Amino acid sequence: MKTAEKVDGSGSSAVENFLADLDHPMKAVIEQLRKLILGSDPKFTENIKWNAPNFCYGGEDRITLHLHRKGYLLAVFHRGAKAKAATAPGRLIEDDSGLLEWAADDRATIKFIDLGDVLQNTDKLTRIIRLWIKAA
């Protein structure tokens with residue numbers, strides 16, 4: 058797996074350039090997730106952070122893809138790079154989908170093994186994304 062060169066830039070053109078150069082076995086998954094996230098709300102913006110696509114809402118990082126796992130990739134749901142005080146006790150959102158794996162009350166991941174994981178869960182993923190940005 059060859060990753061794209063480090064991109065220092067923001068915006069869709071930086072992400073498009075990154076993806077054009079990316080040689081990754083799960084590129085189709087990455088592209089479908091990008092389409093799903095950006096399509097879930099027109100206020101999403103994107104950039105490259107930690108050598109992977111990162112999605113912001115209201116200028117704050119909210120979802121970052123982690124591409125450097127063997128055999129799968131992660132979508133990391135968070136409230137930014139630095140910990141923030143909790144707005145309420147408990148997990149940030151209620152998730153009955155079973156897709157989120159919680160690392161903390163305001164940080165969770167979803168593991169994707171193949172494109173089917175995205176396509177079969179599009180409605181659930183869209184719901185999680187919308188709940189996350191509303192709560193975060």
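Each position in the sequence shown, counted from 1, maps to that position plus 57 in the numbering used here.
Glycine included, C-beta positions come from ideal geometry on N, C-alpha and C.
Remember, it's a predicted structure, so these values are computed and weren't measured experimentally.
- By the C-beta criterion, the stretch 143-158 is judged not to be in contact with the stretch 97-117, since fewer than 3 inter-stretch pairs fall below 8 Å.
- Assignment of A193 by DSSP, reduced to helix, strand and coil, places it in the coil class.
- Between E151 and the set T121, R187, A132, P82, the nearest pair of CA atoms involves R187.
- Secondary structure within the stretch 71-158: the beta strand (DSSP E) runs of 3 or more consecutive residues, fully enclosed, are 101-106, 109-114, 117-123, 130-134 (chain order).
- One Cα belongs to L176, the other to R136, and the distance between them is close to 25 Å.
- Rounded to whole angstroms, the gap between the alpha carbons of D98 and R91 is 12 Å.
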